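K.L.:
Line order of the protein sequences matches chains A and B. First residue of the first sequence: 2, per the numbering used here; consecutive thereafter. First residue of the second sequence: 388, per the numbering used here; consecutive thereafter. Quick reminder that beta carbons are idealized off the backbone N, C-alpha and C, glycines included. Owing to the predicted nature of the structure, the values given are computational and were not obtained by experimental measurement. This structure is in structure tokens; I'll ask about it shortly.
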Amino acid sequence: MIRFTLLRFRVQAAVAAAGLLIIAIILAVTGPHLAHVYDTTLRACQQQGDCTLALGTLPPSPDGTLRALLYALVVAVPGLIGMFWGAPLAARELEAGTFRLAWTQGITRTRWLAAKLGVIGALSMLTAELLSLMVTWWASPIETASMDRLAPGVFHAGGIVPAGYAAFAFALGLTAGLLTRRTLPAIAITLVIFTAAQLAVPAFLRPQLIAPVHLSSPLAIASVTQMGTANATPAGGGTLFVQAQPDIPGAWILSSDIVTPAGRPADTLPAGQACSESHSRQACEAYIASFHLRHSVTYQPGSRYWALQWYETGIYLGLALVLAGLCFLRIGPAARRPGGPARASGGAATASGPWRWLGPRHLSRRRGRASGPWPGSRRGTRSRPLSRS
Amino acid sequence: MTAVIEARGLGKRYGRRWALADCTLAVPAGRVVGLVGPNGAGKTTLLQLAAGLLAPTSGAITVLGHHPGGSPAQLSRVGFVAQDSPLYAGLSVAGHLRMGAWLNPGWDTEYAARRIRQLGLDLRQRAGSLSGGQRAQLALILAAAKRPELLLLDEPVASLDPLARREFLQGLMETVAEHGASVVLSSHLIADVERVCDFLIVLTASHVRAAGETEALLASHHRLSGPYRDPGTLPASWEVIEESHTGKQSVLLVRTDDPVLDPAWTDRPVSLEDLILAYLRQPGSGTGAGRPGLEVAS
Numbered sequence: 002m003i004r005f006t007l008l009r010f011r012v013q014a015a016v017a018a019a020g021l022l023i024i025a026i027i028l029a030v031t032g033p034h035l036a037h038v039y040d041t042t043l044r045a046c047q048q049q050g051d052c053t054l055a056l057g058t059l060p061p062s063p064d065g066t067l068r069a070l071l072y073a074l075v076v077a078v079p080g081l082i083g084m085f086w087g088a089p090l091a092a093r094e095l096e097a098g099t100f101r102l103a104w105t106q107g108i109t110r111t112r113w114l115a116a117k118l119g120v121i122g123a124l125s126m127l128t129a130e131l132l133s134l135m136v137t138w139w140a141s142p143i144e145t146a147s148m149d150r151l152a153p154g155v156f157h158a159g160g161i162v163p164a165g166y167a168a169f170a171f172a173l174g175l176t177a178g179l180l181t182r183r184t185l186p187a188i189a190i191t192l193v194i195f196t197a198a199q200l201a202v203p204a205f206l207r208p209q210l211i212a213p214v215h216l217s218s219p220l221a222i223a224s225v226t227q228m229g230t231a232n233a234t235p236a237g238g239g240t241l242f243v244q245a246q247p248d249i250p251g252a253w254i255l256s257s258d259i260v261t262p263a264g265r266p267a268d269t270l271p272a273g274q275a276c277s278e279s280h281s282r283q284a285c286e287a288y289i290a291s292f293h294l295r296h297s298v299t300y301q302p303g304s305r306y307w308a309l310q311w312y313e314t315g316i317y318l319g320l321a322l323v324l325a326g327l328c329f330l331r332i333g334p335a336a337r338r339p340g341g342p343a344r345a346s347g348g349a350a351t352a353s354g355p356w357r358w359l360g361p362r363h364l365s366r367r368r369g370r371a372s373g374p375w376p377g378s379r380r381g382t383r384s385r386p387l388s389r390s
Numbered sequence: 388m389t390a391v392i393e394a395r396g397l398g399k400r401y402g403r404r405w406a407l408a409d410c411t412l413a414v415p416a417g418r419v420v421g422l423v424g425p426n427g428a429g430k431t432t433l434l435q436l437a438a439g440l441l442a443p444t445s446g447a448i449t450v451l452g453h454h455p456g457g458s459p460a461q462l463s464r465v466g467f468v469a470q471d472s473p474l475y476a477g478l479s480v481a482g483h484l485r486m487g488a489w490l491n492p493g494w495d496t497e498y499a500a501r502r503i504r505q506l507g508l509d510l511r512q513r514a515g516s517l518s519g520g521q522r523a524q525l526a527l528i529l530a531a532a533k534r535p536e537l538l539l540l541d542e543p544v545a546s547l548d549p550l551a552r553r554e555f556l557q558g559l560m561e562t563v564a565e566h567g568a569s570v571v572l573s574s575h576l577i578a579d580v581e582r583v584c585d586f587l588i589v590l591t592a593s594h595v596r597a598a599g600e601t602e603a604l605l606a607s608h609h610r611l612s613g614p615y616r617d618p619g620t621l622p623a624s625w626e627v628i629e630e631s632h633t634g635k636q637s638v639l640l641v642r643t644d645d646p647v648l649d650p651a652w653t654d655r656p657v658s659l660e661d662l663i664l665a666y667l668r669q670p671g672s673g674t675g676a677g678r679p680g681l682e683v684a685s
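Shown next, in the form of structure tokens:
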């Protein structure tokens, strides 16, 4: 079955290989130049001791645009894999009726599914990871300089998470295809769920995978990026406005707040005269210092990069395994032996076992043709024809 | 005689509709069995249950003594040609043969190659561009080259023109002669069934109405005509399949294993076509539903 799976998959595999090759060529052409620019600029600025300014002038375009595109591609490819490799895999067999050919060959449908899952799942992970490795290699000078690989938009493109995304997306597509028995809805479901996961995980899950570090320190005037007044009146009314940038290299800053010594947000402090436009910066800084403000920062340190990578990959792989398990349950053996799992699952009251809620919609689709892996036979209650009159 | 398919109280329900209900039958080995009935009668459901593609809702079915579709060994013993002969449209003829060889332990390479040659199929051609007749033939080769003990064919000739149909059935009969497999063939084309089948199962409105050797079935059915009789006064052992009454005359098609002795009746033999049509004309699940599926007389 592995050989046959590969035979059936050779076109898709060739398309993926060609795509990877094209991207590899683009990266190989632009990569050395990018590395050279970063190398010389960084060496020059390090001699002067401050690279913040120099980095700001570095490749905004076209490399910056290319970088953003490539990072987006690394997360889009698993999604595409789910939509175009996973979703049609079972759905097209069911739609075209070829499952009647496939599942009556001399192998059980469990073996059929295992081969498809194993072979194409592995190829999905390989494709995503190869792409990620190429992009990471290309972008490594930028990441070394900007130290932002934990940042959302960058994290997902490196390390091992792309393989986890690919496994999840593929299993998701396959499951959606088995459940809907239709290619297009399966593709749509895969797209929606995968996108939702990609939006929700960085926003809600990833920051909490490891308890973030809280740091509260006296506000250093050097870290203040903006100060001034809001709603100021000539008489010194209005509120003081202070913003600061924490200086923690490589960290993913989750929150950064300026608070009063009592711990309240420092957004209602009186503006005073010192920070109005007529006074010097020093006067304003001294005025701010008089409040003894504190800088409260929540962040994930850069050293946790690999730990976060492993956790997130583990979660996605776990989800992929759960979905794969669902597929096996769904496809099941054709019928249960008397006394087999069907009876063990009990519930003579439910007509078609655990999948009852999925049943009737597809069933009378076409005359007597609608068929498929409906596990769970009704035992115990011997059924009778409807009309007994 | 051993049974290749044995069903007891077999039923399959889709939602609220029973596609097959209370089906009890035994199909003997070594026969070419015709499964006849109108569209939607449950033929496909019965065959898919036997192929292990469906799980029964009620009752039980055994195929070649085992539960269908449960193991690779069981799957290898049953060849199945589904309705419309599904094939992978993008896969070549050679690709299909490779699939058969890789997925079936008992694959007969020599037979498959010979049949392909005889039919003049191009190995490089994609299945999607084959004609209907060629598709059906290729599907039959795939199922038969497994060397199955039982070959199930679901409406294999329904979509073929008369010439392709004849060729297909000829190919089937050659295969059966060569391999000695039992065959169950569903069709709503009586002429085809008459040509190749020696055992008959009549299925209408989800119920088995008659099952038995063609000759035994013909012998137990009588076309009777005689003076008008009140239907209520007919012998209890008679099962009236069809009746028409005019003021003076009654014409009946009855099934009975007893000889018709009443001299008032003129007893004429029934043709297979008459017999099948009479069953197909019977009103839905009205009178027949309560009756158990008829047993095999063997």
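Check whether chain B comes within 8 Å of Gln106/A, counting only Cβ atoms and requiring the distance to be less than that.
P.N.:
Answer yes: the Cβ-Cβ gap between Gln106/A and chain B drops below 8 Å somewhere.
K.L.:
Taking just the CA atoms, how far does Ile82/A sit from Leu127/A?
P.N.:
Between Leu127/A and Ile82/A, the C-alpha separation is close to 11 Å.
K.L.:
Could you give the distance in angstroms between the alpha-carbon of Arg582/B and the alpha-carbon of Gly487/B?
P.N.:
Their Cα atoms are separated by approximately 29 Å.
K.L.:
Asp471/B versus chain A: which residues are under 8 Å apart at the beta carbon?
P.N.:
Here the neighbours are Gly98.
K.L.:
Using only alpha-carbon positions, find the residue among Ala272/A, Val298/A, Thr299/A, Ser297/A that is nearest to Glu286/A.
P.N.:
If we check each option's Cα against that of Glu286/A, Ala272/A comes out closest.
K.L.:
Would DSSP call Pro262/A helix, strand or coil?
P.N.:
Pro262/A: coil per DSSP, three-state reduction.
K.L.:
Using a beta-carbon distance cut-off of less than 9 Å, what residues from the stretch 5-33 of chain A approach chain B?
P.N.:
The residues in question are Phe5, Leu8, Arg9, Val12.
K.L.:
How many angstroms separate the CA atom of Asp541/B from the CA atom of Ile24/A?
P.N.:
Their backbone Cα atoms lie some 49 Å apart in a straight line.
K.L.:
Counting pairs of Cβ atoms below 8 Å between the stretch 574-588 of chain B and the stretch 407-423 of chain B, do you hit three or more?
P.N.:
The stretch 574-588 of chain B, when compared against the stretch 407-423 of chain B, does touch it at the 8 Å Cβ threshold.
K.L.:
Which ranges does the alpha helix (DSSP H) cover as unbroken runs of at least 4 residues, wholly within the stretch 520-582 of chain B, from first to last along the chain?
P.N.:
You should have 549-566.
K.L.:
So, are the CB atoms of Leu216/A and Val260/A less than 8 Å apart?
P.N.:
Cβ distance not < 8 Å, so Leu216/A and Val260/A don't count as in contact.
K.L.:
What residues match up with Ile448/B in a beta bridge as DSSP calls it?
P.N.:
DSSP, once it has assigned bridges, lists Ala394/B as partnering Ile448/B.
K.L.:
Taking the alpha carbon of Arg110/A as the point to measure from, which residue in Leu527/B, Glu554/B, Gly439/B, Leu484/B has its own alpha carbon closest?
P.N.:
The residue with the shortest Cα to Cα distance from Arg110/A is Gly439/B.
K.L.:
Does the structure place the stretch 605-617 of chain B close enough to the stretch 555-570 of chain B that three or more beta carbon pairs sit under 8 Å?
P.N.:
Cβ pair count under 8 Å is below three, so no.
K.L.:
Indicate whether the contact test is met: 3 or more Cβ pairs, each with one atom in the stretch 82-102 of chain A and one in the stretch 173-189 of chain A, closer than 8 Å.
P.N.:
These segments touch.
K.L.:
With a threshold of 8 Å between beta-carbons, can Leu667/B be considered close to chain A, or not?
P.N.:
Not one chain A Cβ lies under 8 Å of Leu667/B.
K.L.:
When you compare only the Cα positions, how much space is there between Ala38/A and Asn232/A?
P.N.:
It is worth fixing the name first, because residue 38/A is Val in this sequence and not Ala. Between Val38/A and Asn232/A, the C-alpha separation is close to 45 Å.
K.L.:
Taking the DSSP output, what are the residues bridged to Trp113/A?
P.N.:
DSSP, once it has assigned bridges, lists no residue as partnering Trp113/A.
K.L.:
Is the beta carbon of Glu630/B sitting closer than 8 Å to the one on Ser637/B?
P.N.:
Yes.
K.L.:
Helix, strand or coil: how does DSSP classify Gly273/A here?
P.N.:
Residue state, collapsed to three classes: coil.
K.L.:
Gly229/A bridges to which residues according to DSSP?
P.N.:
DSSP lists Phe242/A as partners of Gly229/A.
K.L.:
Kindly indicate the opening and closing residues of the beta strand (DSSP E) around Gly599/B.
P.N.:
Element bounds for Gly599/B: 594-600.
K.L.:
Give the interface partners of Ala438/B over in chain A, defined as CB-CB distance under 7 Å, in chain order.
P.N.:
Within chain A, the residues near Ala438/B are Thr105.
K.L.:
Identify which residue in Arg11/A, Ala252/A, Ala245/A, Pro213/A has its Cα closest to the Cα of Gly477/B.
P.N.:
When only C-alpha atoms are compared, the closest one is Arg11/A.
K.L.:
Roughly how many angstroms lie between the CA atoms of Gly347/A and Ala73/A, to the nearest whole one?
P.N.:
Any reading at Gly347/A needs caution, since the residue's pLDDT is 32, under 50, leaving its predicted position unreliable; the model's value is listed next. Taking the straight line from one Cα to the other gives about 48 Å.
K.L.:
Beta-carbon of Pro109/A versus every beta-carbon of chain B: anything under 8 Å?
P.N.:
Note on residue identity: the sequence assigns Thr, not Pro, to residue 109/A. So yes, Thr109/A belongs to the interface.
K.L.:
Among the candidates Ala172/A, Gly326/A, Gly20/A, Arg101/A, whose CA atom is the shortest distance from the CA of Leu529/B?
P.N.:
Minimum Cα distance to Leu529/B is reached at Arg101/A.
K.L.:
For a contact defined as C-beta to C-beta under 8 Å, what are the partners of Met2/A on chain B?
P.N.:
Correct list: Trp489, Leu490.
K.L.:
If you drop the 5 nearest sequence neighbours on each side, which residues of the same chain put their C-beta closer than 6 Å to that of Ala45/A?
P.N.:
Taken in chain order, the list of residues that qualify is empty.
K.L.:
Apart from the five residues on each side of it in sequence, which residues of its chain come closer than 6 Å, Cβ to Cβ, to Gly446/B?
P.N.:
Only Arg395, Gly396, Leu397, Gly398 meet the Cβ criterion.
K.L.:
Give the interface partners of Ser463/B over in chain A, defined as CB-CB distance under 8 Å, in chain order.
P.N.:
Per Cβ cutoff of 8 Å: Gly107.
K.L.:
Report the residue from Leu35/A, Ala103/A, Ala167/A whose alpha carbon sits nearest the alpha carbon of Ala321/A.
P.N.:
For Ala321/A, the nearest C-alpha among the options comes from Ala167/A.
K.L.:
Check each residue of the stretch 71-102 of chain A: if its Cβ is closer than 7 Å to any Cβ of chain E, include it; give the result in chain order.
P.N.:
Absent from the structure: chain E. Protein chains present are A and B.
K.L.:
Return helix, strand or coil for Gly421/B, following the three-state DSSP convention.
P.N.:
Strand at Gly421/B.
K.L.:
Can you check which of these residues, Gly229/A, Leu255/A, Pro250/A, is closest to Gln274/A by C-alpha distance?
P.N.:
Minimum Cα distance to Gln274/A is reached at Gly229/A.
K.L.:
For Asp548/B and Ala500/B, I'd like the C-alpha separation in whole angstroms.
P.N.:
Cα to Cα, Asp548/B sits roughly 25 Å from Ala500/B.
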